[in-house]
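Note sheet for the following structure.
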């Protein structure tokens with residue numbers, strides 16, 4: 009594992025440093041040297057500063073480079089918005105682009121495998137799934153999120169998912185959550201490894217999204233579909249002043265199924281991330297409800313009419 013730099017950042021950094029050296033040492037006797045070096049540095053600047061940082065070392069490298077150019081924050085090459093975006097990406101444990109691409113391919117393969125009906129199609133989808141798994145597993149990890157994804161697919165392939173006959177009949181099937189409650193015919197160490205790995209995956213934002221609907225980032229439409237599948241009642245409730253608020257049940261303790269309790273708690277944690285008062289995910293869910301789930305909008309007859317229409 010190489011958690012210092014992703015491949016994209018490493019390449020951008022190398023070109024940026026080479027361009028800086030060329031610009032600092034161009035031959036003054038060559039009439040076109042300064043112009044060529046300047047154009048190369050401009051091009052390297054554009055790539056280097058816009059390449060997302062996935063690790064602390066990448067963000068530190070950007071900040072040191074910004075300072076070495078004698079530039080201040082927000083009036084130089086690096087902005088506060090960029091830093092916040094990079095920090096949010098790290099807090100999420102986001103995956104690198106190579107792992108993300110292979111995960112998306114693996115996920116699509118799992119969907120095809122689940123949908124296959126004829127034995128010939130099942131065999132072909134199963135063989136493809138193995139190849140996609142291998143391609144993902146053999147891709148080097150460069151971010152903590154990459155490693156979490158690999159642990160997730162390993163645990164899922166070993167223990168199975170919850171899209172089985174009983175959950176399909178109950179309407180609560182989840183192709184992406186992992187079976188961790190059955191310990192029969194299992195060695196003690198296997199149980200410990202399974203449960204603690206599952207817990208560690210579920211304790212990250214990327215892991216919660218993986219377990220909820222098989223995505224590496226928040227997906228408001230998939231979130232709503234998951235909530236509907238497990239009977240988690242959410243909606244937009246209009247207040248007396250005309251404003252709208254996103255609401256859900258106060259607790260899920262009453263559900264006798266521990267798996268469904270975990271799913272509901274997980275959905276709430278996903279929405280509340282990053283736990284600093286940021287309401288962007290709630291706003292995204294509200295937009296989806298207005299567009300696709302208008303039956304979940306509960307108006308207040310005491311609210312001012314003009315505000316109801318505006319909302």
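In my numbering, the protein residues as written are 9 to 319.
C-beta atoms are modelled at their ideal positions from N, C-alpha and C, and glycine is treated no differently.
Who are residue i's beta bridge partners in DSSP?
i	result
residue 186	169
residue 329	The structure shown does not extend to residue 329, since the chain is modelled only from 9 through 319, so no value can be given for it.
residue 276	Residue 276 is not bridged to any residue.
residue 24	Beta-bridge pairing links residue 24 to no other residue.
residue 306	245
Do you know how far the Cα of residue j is from the Cα of residue i?
i	j	result
residue 224	residue 69	26 Å
residue 179	residue 246	30 Å
residue 45	residue 58	20 Å
residue 175	residue 181	5 Å
residue 132	residue 16	34 Å
residue 173	residue 124	15 Å
residue 253	residue 292	13 Å
residue 183	residue 61	31 Å
residue 201	residue 191	12 Å
residue 305	residue 90	36 Å
residue 300	residue 238	18 Å
residue 206	residue 160	8 Å
residue 134	residue 121	6 Å
residue 130	residue 117	11 Å
residue 317	residue 307	The predicted position of residue 317 is uncertain, since its pLDDT is 31 and thus under 50; no value can be drawn from it.
residue 288	residue 243	16 Å
residue 303	residue 199	43 Å
residue 52	residue 196	54 Å
residue 137	residue 115	9 Å
residue 98	residue 106	17 Å
residue 231	residue 210	16 Å
residue 282	residue 96	8 Å
residue 108	residue 157	9 Å
residue 48	residue 77	16 Å
residue 267	residue 219	11 Å
residue 113	residue 170	21 Å
residue 204	residue 155	15 Å
So, under 8 Å CB-CB, residue i and residue j are touching, yes? Tell me the CB distance rounded to an integer number of Å.
i	j	result
residue 92	residue 214	Residue 92 to residue 214, Cβ: 18 Å. No contact.
residue 216	residue 274	5 Å
residue 104	residue 111	Actually they do not touch by this definition, with Cβ atoms about 10 Å apart.
residue 279	residue 229	Between residue 229 and residue 279 the Cβ distance is about 14 Å, and since that is not below 8 Å, they are no contact.
residue 240	residue 272	5 Å
residue 150	residue 13	7 Å
residue 41	residue 34	4 Å
residue 85	residue 74	5 Å
At a threshold of 7 Å, does residue i count as lining the ligand GDP (C-beta to nearest heavy atom)?
i	result
residue 102	As for the ligand GDP, it is missing from this structure, which has no ligand bound.
Q.
Pairs of beta-carbons, one from the region 242-258 and one from the region 130-147, closer than 8 Å: are there three or more?
A. no
(Q) Taking contact to mean 3 or more Cβ pairs, one atom from each stretch, closer than 8 Å, check whether the region 160-172 and the region 181-189 are in contact. (A) yes
Q.
I'd like the ranges of any alpha helix (DSSP H) spanning at least 4 consecutive residues and lying wholly in the region 96-143.
A. 105-123
Q: Evaluate contact between the region 49-67 and the region 12-30, counting only Cβ atoms and requiring at least three cross-stretch pairs below 8 Å.
A: yes
**Q.** Complete beta strand (DSSP E) runs within the region 214-245 (minimum length 3 residues, chain order)
**A.** none
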